[in-house]
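A short write-up of the structure that comes next.
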Amino acid sequence: MTHTTRRALLAAAPALIAAPALAQNQGQARLVVVGGGFGGASAARFARMTYPWLEVTLIEPKTRFVTCPYGNLVLAGKRRLEQISHGYDGLRARGVNVVHDWVAGIDPAARSLRLRGGASLTYDRLILSPGIALRWDALPGYDEAAAEIFPHAWVPGEGAQTTLLRRQIEAMPEGGVVGLAIPDNPFRCPPGPYERISMIAAHLKRHNPRAKILAFDAKNAFSKQGLFQDAWAELYPGMIEWVPASQDGRITRMDPGAREFESEFGTRHKVDVGNVIPPQSAARIAIEAGLTNASGWVPVDPLTFEARQAPSIHVIGDANVAPPMPKSGYVANSTAKQAVASVAALLRGEAPPPAPVYFNTCYSHVGEDYGISVVGVFRPNADGSGFVETPQSGGVSPRGNHPEQRRLEALYADAWYASITRDMFG
Amino acid sequence: MPSLRRLTLALPLLLAMPALAQPAANGPLLAQACLGCHGPGAAGQDGVPAIAGRPAPELVAQMTQFRANERPGTIMGRIARGYTPEEITAVAAYLAQAR
Chain A
1 MTHTTRRALL AAAPALIAAP ALAQNQGQAR LVVVGGGFGG ASAARFARMT YPWLEVTLIE
61 PKTRFVTCPY GNLVLAGKRR LEQISHGYDG LRARGVNVVH DWVAGIDPAA RSLRLRGGAS
121 LTYDRLILSP GIALRWDALP GYDEAAAEIF PHAWVPGEGA QTTLLRRQIE AMPEGGVVGL
181 AIPDNPFRCP PGPYERISMI AAHLKRHNPR AKILAFDAKN AFSKQGLFQD AWAELYPGMI
241 EWVPASQDGR ITRMDPGARE FESEFGTRHK VDVGNVIPPQ SAARIAIEAG LTNASGWVPV
301 DPLTFEARQA PSIHVIGDAN VAPPMPKSGY VANSTAKQAV ASVAALLRGE APPPAPVYFN
361 TCYSHVGEDY GISVVGVFRP NADGSGFVET PQSGGVSPRG NHPEQRRLEA LYADAWYASI
421 TRDMFG
Chain B
427 MPSLRRLTLA LPLLLAMPAL AQPAANGPLL AQACLGCHGP GAAGQDGVPA IAGRPAPELV
487 AQMTQFRANE RPGTIMGRIA RGYTPEEITA VAAYLAQAR
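Sequence lines, in order, name chains A and B. Residue numbers for the first sequence follow this note's numbering, beginning at 1 and rising by one. Residue numbers for the second sequence follow this note's numbering, beginning at 427 and rising by one.
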């Protein structure tokens, strides 16, 4: 039976009850996963390992995936870019058909998508894990050319942005100023900017101890704030100034030529190195497929991760909007598995797995042998309209003097990185 | 090894075992959450202990102690309090037979 025939049959049978016979007795069902990061790679691997009857195609433009997590350690010189880059041979060995191309368009009615390279393929179920887009229209003066002067280093791509920022920090004059512009919620990796401040400070403390870090924030509070600020005072006294929105910390205009950030109330700040983390949205493919709402993110069913706008398309990872869950690698990995289990159940004509629990732990390195964390355990809420954090659980590491806990959390952070990347690519 | 680690090794199993809750149905899926730190197959990773193949009552006892703040740890207390006794029993049953 050709794929086309099977697809036509599936489309012709509105009740998915037709699917089990097709999926299990007459060959495989086709799952296409778009995006090979924390969500997509986890989904493709889990699908092949758990549901061998699924034929899995992963579409990802890059041949190497550079993780956002641990990019801040590259900035500090504690990791090399190669150490946070991963290839797709492990997934190929598990039987995933990996296609390095861009998706040019999706036709949900026909359950097909076109690739820029010219090929088109059909699917029975589609999982999109496309990540984020930087909103180049959100900060006047900050466009792709400006990012060559003030790097964002927030979407690693091949790693050029991270390398650029690293070089700028290394080359900064003695006693210079590193400026960061940090966006309002929601954005990818809520503790990421503050881990970045910490890792830049760790580098400067050794190599440029009179330098300063000015962190301008569009918010008045941030993830693990107390823990970060305690650590900054302890490890990097006098080096870091965090400027919240209430103290004119919201940067609204960039002047990369003059190396200046301009605030909401018109104050101009001269910086030697500028790291601009711009406001974000779901990646372009999700917008073009009509899956996003007015916020620029994709609302999803909290049980299956089907997009509210297109139930045959499951959207996982940073592109969806799922508060109070953070846009994190662990959430992408955890929700990928429920999305895949839902795909398998729906293709068999069964109900999606009930009562899921979604899991997050985000570690941050703030100094040598000094790690902190936030844990979250989430579920669909009672009426299925969204997500809820499990009461009396999760939360951040204890504040105060806990050197052994900090040391172990730094160790466990490294174990997390090794473990989860094996769960994606191994 | 550090003191915290020695403590966690010394404590278990001497304490009374709680009655096992009725397991939730979705143990295998719930257990997937462990793998991001405890390694593929929950076989351990760089100082994070292996939990696959451990007896289910031992795992339940440890999680129950973490849940009640009666067992020292870094993040496991915060995690254990996010799961019901039924879910913990189901995850333990799955991990116990996963080798």
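Virtual Cβ for every residue (Gly too), placed ideally from N, Cα, C.
Taking C-alpha atoms, which residue in the options lies nearest to residue i?
i	options	result
residue 181(A)	77(A), 153(A) and 343(A)	153(A)
residue 151(A)	167(A), 398(A), 126(A) and 137(A)	167(A)
residue 381(A)	364(A), 394(A) and 357(A)	357(A)
residue 399(A)	419(A), 195(A), 388(A) and 373(A)	373(A)
residue 366(A)	245(A), 78(A), 61(A) and 332(A)	78(A)
residue 131(A)	87(A), 220(A), 286(A) and 175(A)	286(A)
residue 97(A)	269(A), 32(A), 250(A) and 368(A)	32(A)
residue 394(A)	320(A), 362(A) and 174(A)	362(A)
residue 521(B)	486(B), 473(B), 472(B) and 496(B)	486(B)
residue 451(B)	498(B), 519(B) and 523(B)	519(B)
residue 201(A)	226(A), 109(A), 45(A) and 170(A)	170(A)
residue 513(B)	495(B), 481(B), 501(B) and 489(B)	489(B)
Using a cut-off of 9 Å between C-beta atoms, extract the partners of residue i located in chain A.
i	result
residue 505(B)	359, 361, 375, 377, 393 and 394
residue 473(B)	408, 411, 412, 414 and 415
residue 453(B)	The contacting residues do not exist; residue 453(B) stays about 11 Å from chain A at best.
Give a yes or no on whether the minimum CB-CB distance between residue i and chain A is below 8 Å.
i	result
residue 515(B)	no
residue 482(B)	no
residue 501(B)	yes
residue 519(B)	no
residue 478(B)	no
residue 462(B)	yes
residue 457(B)	no
residue 466(B)	yes
residue 511(B)	no
Using beta carbons (cut-off 8 Å, strictly below), is residue i in contact with chain B?
i	result
residue 338(A)	yes
residue 405(A)	yes
residue 416(A)	yes
residue 409(A)	yes
residue 255(A)	no
residue 423(A)	yes
residue 426(A)	yes
residue 70(A)	no
residue 277(A)	no
residue 44(A)	no
residue 341(A)	yes
residue 330(A)	yes
residue 420(A)	yes
residue 22(A)	Since pLDDT at residue 22(A) reaches only 41, below the 50 mark, its modelled position is unreliable, and no value is offered.
residue 390(A)	yes
Buried or exposed for residue i, please, with buried defined as at least 16 other CB atoms from any protein chain shown within 10 angstroms of its CB.
i	result
residue 267(A)	exposed
residue 503(B)	buried
residue 419(A)	buried
residue 232(A)	buried
residue 220(A)	exposed
residue 337(A)	buried
residue 265(A)	exposed
residue 335(A)	buried
residue 224(A)	buried
residue 491(B)	buried
residue 53(A)	exposed
residue 234(A)	exposed
residue 301(A)	buried
Compare the beta carbon distance of residue i and residue j with 8 Å and say whether it is the shorter of the two.
i	j	result
residue 315(A)	residue 128(A)	yes
residue 425(A)	residue 90(A)	yes
residue 291(A)	residue 384(A)	no
residue 516(B)	residue 461(B)	no
residue 369(A)	residue 410(A)	yes
residue 371(A)	residue 348(A)	no
residue 63(A)	residue 87(A)	yes
residue 124(A)	residue 30(A)	yes
residue 477(B)	residue 375(A)	no
residue 165(A)	residue 81(A)	no
residue 279(A)	residue 119(A)	no
residue 271(A)	residue 178(A)	yes
residue 211(A)	residue 157(A)	no
residue 297(A)	residue 310(A)	no
residue 342(A)	residue 353(A)	yes
What does residue i reach in chain B if we use C-beta pairs closer than 7 Å?
i	result
residue 306(A)	Within 7 Å Cβ-Cβ: nothing; residue 306(A) doesn't reach chain B, min ~17 Å.
residue 198(A)	Per Cβ cutoff of 7 Å: no residues; residue 198(A) is ~19 Å from chain B at best.
residue 333(A)	462
Quick one: which chain A residues come within Cβ less than 8 Å of residue i?
i	result
residue 450(B)	355
What in chain B is Cβ-close to residue i, meaning under 9 Å?
i	result
residue 384(A)	The premise fails here: residue 384(A) is roughly 17 Å from chain B at the closest Cβ pair, so nothing lies under 9 Å.
residue 372(A)	Within chain B, no residue comes near residue 372(A); the closest Cβ sits about 10 Å away, beyond 9 Å.
For residue i, which residues in chain B fall below 8 Å Cβ to Cβ?
i	result
residue 57(A)	Here the premise fails: no neighbours, minimum Cβ distance about 22 Å.
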